[in-house]
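Worksheet for the structure shown next.
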Amino acid sequence: TGFLIDEMIELIKKSNKHSKHFVQKLFPLGKKAIFVVYNDTMIQKDKILKGAEHLFLRYGIKSNTMDDVARELGISKKTLYQYVANKSDLVEQIIELHIKSEMDEMQQIRSVSKDAIDEILGFASYGTQMLRELNPSTIYDLKKYHKKAWDMMEAMHQEHIFVFIKTNLETGIEEGLYRA
Numbered sequence: 002t003g004f005l006i007d008e009m010i011e012l013i014k015k016s017n018k019h020s021k022h023f024v025q026k027l028f029p030l031g032k033k034a035i036f037v038v039y040n041d042t043m044i045q046k047d048k049i050l051k052g053a054e055h056l057f058l059r060y061g062i063k064s065n066t067m068d069d070v071a072r073e074l075g076i077s078k079k080t081l082y083q084y085v086a087n088k089s090d091l092v093e094q095i096i097e098l099h100i101k102s103e104m105d106e107m108q109q110i111r112s113v114s115k116d117a118i119d120e121i122l123g124f125a126s127y128g129t130q131m132l133r134e135l136n137p138s139t140i141y142d143l144k145k146y147h148k149k150a151w152d153m154m155e156a157m158h159q160e161h162i163f164v165f166i167k168t169n170l171e172t173g174i175e176e177g178l179y180r181a
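Using this note's numbering, you'd call the opening residue of the sequence shown number 2 and step up by one each time.
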């Protein structure tokens, strides 16, 4: 399999001559594997979204301008606008990344938990950590100025977090840890 991976890397490099760097990750899945290649553009966009998310969570969305975001990230506004159309687009992309990250974290908590109680405690700890990092004005700004992004968060809570909790309750009852 090492030879096949090396061949894949070379093929991708040849087809993407404009990118200087590649980060490769191999995720084993039983007898198969998923091979993921990140190019410079993907890495830069990820840094922008995570940096802007940190800024928005700490100080709120409305109080930060695109100039503030660019300055904080050490890039020009021109570079920033190569990755996002406007501030609303930036907020929506951050929410999409946040949702994916939160879902991955919930799956990670579920996979390492020894039982339903351990799982719900891990989830509560994660939720507490997220709330500590959150400036209350961020929620207000999302609700008032970025309705689409707020609706995305609400939908995620309805579809995934409530299902996570429901599944935890069902598992806990089956394990004899919770009473019905």
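For each residue, glycine too, the CB sits at the ideal point set by N, CA and C.
For residue i, name the three-state secondary structure that DSSP assigns.
i: K63; result: coil
i: G52; result: helix
i: H99; result: helix
i: V85; result: coil
i: S114; result: coil
i: S138; result: helix
i: G173; result: helix
Looking only at its chain, what residues have a beta carbon closer than 7 angstroms to the beta carbon of residue i, apart from the 5 residues adjacent to it on each side?
i: H147; result: I62, S89 and V92
i: G3; result: Annotation note: pLDDT 49 at G3 (below 50); position unreliable, coordinate value reported separately. Excluding positions up to five away in sequence, the list is empty.
i: M67; result: K78, L81 and K88
i: T139; result: F57, L58, G61 and I62
i: Q94; result: L50 and V85
Excluding the 5 residues flanking residue i on each side, which residues of the same chain have their C-beta closer than 8 angstroms to its C-beta?
i: G177; result: none
i: Y179; result: A117, L170 and G173
How would you write the range of the alpha helix (DSSP H) that residue i sits in, first residue to last?
i: R180; result: Per DSSP, R180 belongs to no alpha helix (DSSP H) and is neither H nor E.
i: A117; result: A117 to E134
i: E155; result: K148 to M157
With a CB to CB cut of under 6 angstroms and the five nearest residues on each side skipped, what residues in its chain are close to residue i?
i: L143; result: A150 and W151
i: K167; result: none
With distances taken from CA atoms, which of the options is nearest residue i?
i: K101; options: I76, K115, E134 and D47; result: D47
i: E73; options: I96, Q83 and A53; result: A53
i: L50; options: D69, I96 and Q109; result: I96
Closer than 8 angstroms is the cut-off here; do at least three beta carbon pairs connect the region 156-171 with the region 79-87?
no
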